[in-house]
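Chemist: Sequential numbering of the sequence shown, starting at 3, is according to my numbering. Think of the CB as a built atom: it goes at the ideal place given N, C-alpha and C, for glycine as much as any other residue.
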Amino acid sequence: AEAGDAGVPIVAKNPGSKATQAFRELARGLIKQGLLERVAQ
């Protein structure tokens with residue numbers, strides 16, 4: 003989740019970039035995975 007949080011400002015600055023979109027999806031996935039892991043614990 004920390005990596006995703008760090009990437010949020012970058013996404014906000016460059017929302018049109020394909021690389022940014024890919025990073026956003028990756029970060030979102032990591033955040034969801036982290037949240038699921040926390041719930042599982």
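Taking buried to mean at least 16 other C-beta atoms within 10 Å of its own C-beta, is residue 29 buried or exposed?
Modeler: Position 27 of the sequence shown holds residue 29. Buried is the call here.
Chemist: Rounded to whole angstroms, what's the CA-CA distance from residue 36 to residue 24? Just pull it up for me.
Modeler: As a first step, residue 36 is located in the sequence shown; it is residue number 34 there, counting from the start. As a first step, residue 24 is located in the sequence shown; it is residue number 22 there, counting from the start. Rounded to whole angstroms, residue 36 to residue 24 spans 18 Å at the Cα level.
Chemist: Can you give me the C-alpha to C-alpha distance between residue 42 and residue 27, rounded to a whole angstrom?
Modeler: In the sequence shown, counting from the first residue as 1, residue 42 sits at position 40. In the sequence shown, counting from the first residue as 1, residue 27 sits at position 25. Cα-Cα distance, rounded: 22 Å.
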